[in-house]
Amino acid sequence: MEIVGTGFLARSLRPLAGRHPGTVALAAGESRTSGASDADYAREAALLRDVAKQCAANGQLLLFFSTAATGMYGLTEGPGREDTPVTPATPYGAHKLALEEQLRDSGTDHLILRLAHLVGPHGRYHQLIPTLVRQVRGGVVSLHRGAARDLIGVGDMLMIIDRLLAAGLRADTVNVASGFAVPVEDIVDHLARALRLVPRKRYVEVGVAGVEYAISTEKLRALVPHVADLGFGPDYYRRVLNDFIAADQARPGRALLTRKAGSFSDAVVPLTPDA
1 MEIVGTGFLA RSLRPLAGRH PGTVALAAGE SRTSGASDAD YAREAALLRD VAKQCAANGQ
61 LLLFFSTAAT GMYGLTEGPG REDTPVTPAT PYGAHKLALE EQLRDSGTDH LILRLAHLVG
121 PHGRYHQLIP TLVRQVRGGV VSLHRGAARD LIGVGDMLMI IDRLLAAGLR ADTVNVASGF
181 AVPVEDIVDH LARALRLVPR KRYVEVGVAG VEYAISTEKL RALVPHVADL GFGPDYYRRV
241 LNDFIAADQA RPGRALLTRK AGSFSDAVVP LTPDA
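For the sequence shown, full-length UniProt numbering assigns the number 275 to the last residue and increments by one with no breaks.
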């Protein structure tokens, strides 16, 4: 597999670099779920167009990563499915849906994966779990009341991608998620217990970022029966968070979660719908 990109997702995919020849994973582009400009979105669309042309010319499969977060499914009644029309809840969700359509219209051999909130040791500073850990350590956590997020660990994502590609799936869209959206307050409570800290919670009332939502994994489970052995369920997030904390504590200097120690003004969880 050829991996395009250098960020969190690209680095997480490296264990698959020696597998699935003829596949190009596009793991680059706009990762900010808020604050991105039209120019940022245009650059990602241009990148997708260029990579798709290259794949078509070389007879390669393009693996594209979209979102299954609230930006895509936040306005959906019932669990968000791949085979039903969706109305994106945010500009980021609309952008990702437009990129999906752009890829389908290109005629390039492709597979689209709508990812839940990926958690792993290479998480970016601005992403949800690293930000929450910094806030817990800083003593104050800002929460959007009612917000929930579906978390999936990097290792489980890799297994799923490996199985989907091995099965030869083409021209399809699949949700890659646990199927269980966890209240962010429960995530904070688990992190606090694991770190043996008692942060103060500050609640913020907000719109779509606080909606309840669910991601359908019916299609994923049919395509990858081994998903049944991954432990997806209401408590799955605990293992994902424990693995994240253990990996961080094993890092020399723990640079990811202690950056700018003593100043957490930039660490307020925005909890934009896709954060």
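Where is the CB? At the ideal position from N, CA and C, for every residue including glycine.
Residue i - containing alpha helix (DSSP H), residue span
i           : result
E218        : E218 to L223
Y213        : That residue, Y213, is in no alpha helix (DSSP H); it is neither H nor E in DSSP.
A28         : A28 -> no alpha helix (DSSP H), and no H or E assigned at all.
residue 302 : What is shown of the chain runs 1 to 275, which leaves residue 302 out entirely.
A36         : It is not in any alpha helix (DSSP H) - A36 carries neither H nor E in the DSSP assignment.
With 16 other Cβ atoms within 10 Å as the buried cut-off, status of residue i
i           : result
A192        : buried
residue 277 : No information on residue 277 is available, as it lies outside the stretch 1 to 275 that the chain covers here.
K53         : exposed
R19         : exposed
Q127        : buried
H110        : buried
G107        : exposed
Where residue i sits in the DSSP three-state scheme
i    : result
D172 : strand
F64  : strand
H144 : strand
Y203 : strand
P183 : strand
L13  : coil
D83  : coil
V4   : strand
T76  : coil
D248 : helix
D189 : helix
L230 : coil
D243 : helix
D235 : coil
R43  : helix
L195 : helix
Residue i versus residue j: straight-line alpha-carbon distance, rounded
i    : j    : result
V268 : V176 : The pLDDT assigned to V268 is 37, lower than 50, so where the model puts this residue is not dependable, and the model offers no usable value.
I245 : A57  : 43 Å
Q135 : V141 : 5 Å
Q60  : G74  : 33 Å
L16  : V174 : 19 Å
T90  : A116 : 16 Å
L48  : L99  : 8 Å
T23  : I160 : 15 Å
G231 : D105 : 36 Å
A68  : E82  : 9 Å
Same chain only: Cβ atoms within 7 Å of residue i, ignoring 5 sequence neighbours per side
i    : result
Y203 : L143 and R145
E30  : A36, D40, Y41 and E44
Neighbourhood of residue i by C-beta, 8 Å cutoff - its chain only, sequence neighbours within 5 removed
i    : result
R14  : I3
G123 : F8, I129, P130, F244 and L256
P21  : M1
L241 : V119, I129, L151, I187, H190, L191 and A194
N-terminal and C-terminal residue of the beta strand (DSSP E) that residue i is part of
i    : result
V154 : Here V154 belongs to no beta strand (DSSP E); instead the alpha helix (DSSP H) covers V154 to A166.
H122 : First-last for H122: undefined, no H or E at that position.
L111 : H110 to L115
Cβ shell of residue i (< 6 Å), same chain only, five flanking positions each side left out
i    : result
G139 : P199
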